[in-house]
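Chains as they are written, first to last, in this note's numbering: chain L, 1 to 423; chain V, 424 to 1406; chain E, 1407 to 1500. We treat Cβ as the ideally placed atom computed from N, Cα and C, and that holds for glycine. What follows is a set of notes on a single structure, which appears directly below.
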Amino acid sequence: MTRFSGWNVFWQGMTGQKGWARQWRDPQPKSHYDVVIVGGGLHGLATAYYLASNHGIRNIAVLEKGWVGGGNAGRNTTIVRSNYAQPGNREFYEHSLKLWENLSHDLNYNVMFSQRSHIALLHSPGAIDAASRNYNTMRLTGTPDAEIWDLDRLKQAVPHLNYAADARFPIMGAAVQTRAGTARHDAVVWGYARAADQLGIDIVQNCGVTGVVREAGRITALETPRGRITAGKIGFAVAGNTSRLWTMAGLGRLPIESHKLQAFVSEPLKPLLDQVVVFGMGGSHFYISQSDKGGMVFGGDLDWYKSYAQRGNLPIVQDVAEAAMSVMPCLGRVKLLRHWAGVVDMSMDGSHFICRTPLDNLYLNTGWNYGGFKATPASGWWFADLIANDRPAPMIANFDLKRFERGLQIDERGAGPDPKLHG
Amino acid sequence: MTARRLDQGGRIDRATPLTFRWDGKELTGYAGDTLASALMANGERVLGRSFKYHRPRGIMSAGVEESGAIVSVGQGARQEPNVKATMQELYEGLETRGQNAWPNVRRDLGAVNGLFGRFLAAGFYYKTFMGVPLFEWGRGTGLWMKYETLIRKAAGMGRASREADPDQYDHAHAFCDVLVVGGGPAGLRAALTAAEAGRDVILVEQDFELGGDLLNDPAGEAERGALVRSVERAGVRVMTRTTAFGLYDMGVAGLVERVSDHLSAPAAYLPRQRFWTVRAGATVLATGALERSVAFGGNDRPGVMTANSGRSYLNRYGILPGERIVVATTNDSAYVTAGELAAAGAEVTIAEARNAPGCELPAGVTLRTGVAPLKAEGRSKLRALRLARPNGAGWQAAGREACDLLLVSGGWSPVVNLASHRGVKPEWDAELACFLAGDCDEPVYMAGSAAGVWTREACETSGVEVAKRAMGLASNPPAAGGWTAPIRPLYEVRLPGRKAKAFVDPQHDVTCSDVRLAHQEGFVSVEHLKRYTTLGMATDQGKMGNIIGLALMAEALGKEIPAVGTTRFRPPYTPVAIGALAGRNVHGHFKPLRRTPLHDWNLRQGATMTDAGLWHRPWYFAGPGETLGDAYVREAATVRQTVGICDVSSLGKIAVQGPDAAEFLNRVYTNGFAKLAIGKARYGIMLRDDGMVMDDGTTWRIGEADFLMTTTTTNAGRVMVWLEELLQLRWPELKVHVTSVTDQWAGVSVAGPKSRAVVAACLRDPDSVSHETLPFMGVAPVVLRDGTEGLIARISFSGELAFELYVPGNYGEAMMEQLWTAAARHEGCLYGLEALGTLRIEKGHVTGAELDGRVTIRDAGLGGMASTKKPYIGKALQERPELQRPDRPRLVGILPKDRSKTFNGGALLCKPGAQSGFGEGWVTAVTHSPALGHWIGLGYISGGHDQWVGQLAIAADPVRGEPVEVEIVSPHMFDPEGVRMHG
Amino acid sequence: MIRIPCPFCGPRDHAEFSYGGDGSITYPALDAPLEAWHDAVFLRENICGRQVETWQHVHGCRLWLKVERDTMSHEIYSVTPADPALAKVLEGGE
């Protein structure tokens, strides 16, 4: 395998690009693995990678029903941040951000993590106080880059926002995390796939699970179009389809609902916005950044009704466009190039699950709401740790399916047990 | 390309010359021109630069698929980047310029990138730019971000305006029986057929004229005219300059109508564009087909166009696009073009990839068979075409033809994009070498060349028959196809072992080598191919290149095209202005502002407003020279000393009526409501199902079966929906009706020792507010001195003797005038939200800052209001163990140890010397208390104030300031016994 | 756009409605044990396909509705008022 480096880009350029091999193999699945991860998205691939790199387990398959990264990995707005404040989330996302910071080097793949700052606009003294509580929490829990900016500083850093004094919601300041930013979503998928493959992991595409064979409290085998596969341990990491697989395993109900979240990209433009900007007022929610290619990448709320369909509907398109115009009125003549939707597992408190299940050898990774992309490295890291050691590390102790019975809701928004309200 | 305008012919109006500017140069065109045709007629060849290599690009087509002539239009706040010159109508004064180039598109220093092309293969950026060259040493993202700054500057295409878009956009809605998309022969016939059968039909056409390909054919003009007239006579609603950009669930289409983009001085009342939501019973997609090119060396050079666009420039715009023209084709469709160009005076050679043409050779045209384009020579001007002929499975050189224009027809791709939005899978037709839409299980039908029907007559028949099908009638649409000799599928021409820059996606500079490299590296699924190479992600969304890319991948895999698959098209079909999608819901109309009945009155009194949910409420009423701080402290002090009046109209008000109303409230609130006496109000807390506090407020019993519930301003809508849900879904047996009456009432709070005197002065019967008639928490109907009937309740948020007085909304100002006159006699004041905050913080009353959706009734210090005698919503789940922990943060009062100091809301409360981690609690609200003479706050801290007696805490606020030592006290910091409000 | 045939107002865009949630849940009695409430409030079948769900015609008649809908195709099979008495009235029963 040719290492990725400037030298090799030069050398391969000189020699006709002949030396680049497949970035990951296309193996026939074996009939048995020590660990099978179902789901070749970001979390599944990262889990496999860390199982091998952190825990020395090599006999692993990742089963993907389509092509790797075809689900939410390739449908998100690529924002990476750790400005979560609730215990549990706070440490988890900060760990994730730390892993992101060196991910390109760890994977030898440029995932283009651009620490360009995440700027949440604030419009009232009350909002500044509420944000300060969260950002103070970040400061005191080891995140040095949490800042509250006043209007002057914001204007200097982000000149093209709507600073009109008579704006519907005049801006008063911003909560800023400077280490946050964006990454190239597909590159992260491919980077993990390539690195996992180099560690001997079989990434099997076009191999969806069609049946789960159970015996007492265990899964004995998975049925796939490419044959029956047995495994010592099995991890589900199939955002959007968790309940379908869960039902296939005969396991009843889960504290999640599948909803669709739309994303939008404009035509490419010369640099217009250098940060990630987030707006939330008047029941509206909007986030925007500019990709390295130049497209404005933006999104808003869920389509508000449960859905497994990867296609959006017009009302949210309008809502998001209205918010876009409210935040950046210069976008009026910028044209929307594509919009699409991903199916997200919305949980009852807006937080995720990385946990054991009622079956001895089955482990579950689900409930990422809007947050799955940024969580990728830590999700893989700790899911691998759980699978390898068969016990939840303190970092994920409360991300189990029983937390609601205990009375623990890790609810960043305080929205309550309605999955569509968490974002 | 040496194009010139002909003296006659075309659909342009030579009597109406139009002046426009291109890169600062003044040029002339005619009415009926597009920007592209006008530039072509003026001899402008290089109109754009490509994304990566900055190669010179000219006009490649005459339609929405344009990938070369992409320019910026307008100036200042109206600058629009990334406009396809082929779609921009010319108008007097049109201002245009090239983009993605410096100093200009003709001489672009960025073209130096082309020299390094060999290093810039697909995905090269994933392999480097991570660390220190050459071996990517280092850690972190620092170096990448330096590279990124340079990459971002080089990337992007046009530059967006930095100013707010000054134009208006409209939203409009329509319904119809049949929506026909596309106004070519098939669409016109379909619309006519359906309309004549009595259906309500909307016909949309993205062009500014109806006719589709008929517009390119002078001989068909009479027929076109007749057809258009019949369509109009039949009552079809015709919308030109309108693009159906997306199909959504249940027959809903999104359209964008370009209302004034073609006008030099649009009337002020006209929007720039209109976004239509159309709900159609059935949809006929007569969206036509797009001609595709072939990949060969230099196929992106200015002077290489699709064959049919050559015909379009000749017949529609009256331009001879070249003098020596090679028409390279794989099918019969280009022969007419060749013949017409020859007849117009060009020297035309057909390079036919097949061994024999399928139709007659037009007069004056030279034919070479069995040859295909190999390499276009020239830089910004085409000089010659090198040809190749088949040699076994590959190709070998077959001479050179000097030419100044190359027209290529690699076949036709039906526009199946809109069907794809509905999840229809395109199916490969090997004989026609194109994808056709498969069956759709919704009433969406393909007609004409969009269904792969190639001849005009058959397209018209297709329109008629498909319209019948859309109406549920028996029909027999013609089969796809129609050429006498089959197409020779051809996607790439190259000599073995030779390097050539052959473009698959010219806009994104994706070459054949890039596709093969993607294959070599394992990116073989169509979606991986697209994402790794960026093929099809440019502004044409792969209209030009997708099929070629698929074919190359199929070849590399040794498979057939259908085995490789196709990507799903996403809306919009062509890019849509964000302004159009937002419509009028911008500026002041974004999330429309809610105003209380006293809004204008408050403003007249000098109120500074603040947002409260969607409402504007008075924040403070500054006197001369007063700051916010001066004003609220004065207001709060005045309330405590004499009297203050505050607009509380935005509080949610819900009429809860019916024989079971008391029982209903008893279930919704944690405390008892069953026995609330008529004429009494009670403060209540309601929980969510999960046991967390949802909202609070007072509910007044006005009659046996008549209650008025008040809610917080922000939760009013949510509580209303919640009550309706409970009544209709969970307890339909309860005979209760709820009605939101928030907007019916204007409400004020009159608070302070003099409040009774002020209110009494305004009432017909001043005794009706005496302590005996209206005790604490009493409610009564009242009549103002002017006869206005209202409701009064003796309730207090401020902790003072206080009344809430409600009158019908329209009488609000009149009530205010009376109260304000009376208050003036007592040197009273108006007070806003900030002073309201001060008063309630002093009293330890909670609001949204404390009830953040994560606190239980016990956390909020209101555990005493949780009945143990009856069940209520949320009771079961609040018993969960984590919610019972004694160390949960509880509501407390907070005082600075050094009373001269202040601290901030949002500060964390920590143990001294332990300013790390999550802390012990947090500060929710802070104010300067005039009653206590120093700053005070509310907040939550582990265990509540009992656990902190004699212990200091630190209010740590690292994001804003220095830590402050604070004392933790009971939240009831002022008049804890409530003597003042009961008095 | 989903078009929902409101039994009171007729077919309308789904933007006029707000989605409630899983319509198959039966909420326990207020004094039912914690476990029953936990299951009703926190657990979902999350069906891919045809399911019964609740919607409110919040910008219309404000009826809460039981809607049988496919969560993949979004096709709607039936819409009835959630309140059985109202359902009966609108069916013309009483």
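- Rounded to whole angstroms, the gap between the alpha carbons of Thr141 of chain L and His352 of chain L is 20 Å.
- Burial state of Phe598 of chain V is exposed, judged by a 10 Å Cβ sphere holding fewer than 16 other Cβ atoms.
- Separation of Ser1163 of chain V and Arg1179 of chain V (C-alpha to C-alpha, rounded to the nearest whole angstrom) is 29 Å.
- Taking 7 Å as the cut-off, the beta carbon of Leu1318 of chain V is found closer than this to the beta carbon of Val1392 of chain V.
- Closer than 7 Å to the CB of Leu1449 of chain E there is at least one CB belonging to chain L.
- Residue contact check for Phe399 of chain L against chain V: no CB pair falls below 7 Å.
- At a cut-off of 7 Å, the C-beta of Met568 of chain V has a neighbouring C-beta in chain L.
- At least one CB of chain E lies nearer than 7 Å to the CB of Glu405 of chain L.
- One finds nothing in chain E with a Cβ atom closer than 9 Å to the Cβ of Val847 of chain V; even the nearest lies about 13 Å away.
- Contact between the region 77-90 of chain L and the region 129-144 of chain L is established, with three or more Cβ pairs separated by less than 8 Å.
- In this structure, Phe373 of chain L sits away from Thr564 of chain V, with a CB-CB distance that is not shorter than 7 Å.
- The Cβ atoms of Pro995 of chain V and Gly669 of chain V sit closer than 7 Å to each other.
- In terms of CA proximity to Ile435 of chain V, V:Thr451 leads the group V:Thr451, V:Lys1266 and V:Gly1232.
- Listed along chain V are Gly945, each with a C-beta nearer than 8 Å to that of Trp24 of chain L.
- His1039 of chain V sits buried, since 16 or more C-beta atoms from the chains shown fall within 10 Å of its C-beta.
- When Cβ-Cβ separations below 7 Å define contact, Thr1477 of chain E makes contact with chain L.
- Interface annotation, Glu775 of chain V: not in contact with chain E, CB-CB separation never under 7 Å.
- Taking 7 Å as the cut-off between beta carbons, the residues of the region 322-347 of chain L near chain V are Glu322, Ala324, Met325, Ser326, Pro329, Cys330, Leu331, Gly332, Arg333, Val334, Lys335, Leu336, Leu337, Arg338, His339 and Trp340, in sequence order.
- The secondary-structure analysis by DSSP pairs Ile625 of chain V across a beta bridge with V:Leu602 and V:Arg660.
- Glu1459 of chain E reaches chain L at Lys306, counting residues in chain order whose Cβ is nearer than 7 Å.
- Taking 9 Å as the Cβ-Cβ cut-off, the region 142-153 of chain L approaches chain V at Gly142, Ala146, Glu147 and Ile148, given in chain order.
- Of all residues in the region 1109-1132 of chain V, the ones placed with a Cβ closer than 7 Å to any Cβ belonging to chain L are Arg1111, Asp1112, Asp1113 and Met1115, in chain order.
- Residue V:Lys1298 holds the alpha-carbon nearest to the alpha-carbon of Ala1438 of chain E among V:Ser1352, V:Lys1298, V:Ala459 and V:Ala1348.
- For Ala577 of chain V, the enclosing alpha helix (DSSP H) stretches over residues Gly565 to Ala577.
- DSSP places Trp20 of chain L outside any alpha helix (DSSP H), giving it a letter other than H or E.
- For Leu678 of chain V, none of the residues of chain L pass the 7 Å Cβ criterion, the least Cβ distance being about 11 Å.
- In this structure, the CA atom of Val1192 of chain V is about 19 Å from the CA atom of Pro1231 of chain V.
- Not a single C-beta of chain E is nearer than 7 Å to the C-beta of Leu1355 of chain V.
- Judged by pairs of C-beta atoms under 8 Å, the region 25-39 of chain L touches the region 224-232 of chain L, as three or more such pairs exist.
- Within a 10 Å sphere around the beta-carbon of Phe539 of chain V sit fewer than 16 other beta-carbons, which makes this residue exposed.
- Taking 7 Å as the cut-off, the beta carbon of Ala1354 of chain V is found no closer than this to the beta carbon of Arg1057 of chain V.
- For Ser936 of chain V, the number of other beta carbons within 10 angstroms of its own is at least 16, and it is reported as buried.
- If you check the CB distance, Ala500 of chain V and Glu559 of chain V do not come in under 7 Å.
- The DSSP assignment places 747-752, 770-775, 788-792, 795-801 and 805-814 as complete runs of the beta strand (DSSP E) inside the region 747-822 of chain V, in order along the chain (cut-off: 3 residues).
- The beta strand (DSSP E) runs lying completely inside the region 846-902 of chain V and spanning 3 residues or more are 849-852, 857-860 and 867-869, given in chain order.
- Asn969 of chain V and Gly13 of chain L have their alpha carbons spaced roughly 25 Å apart.
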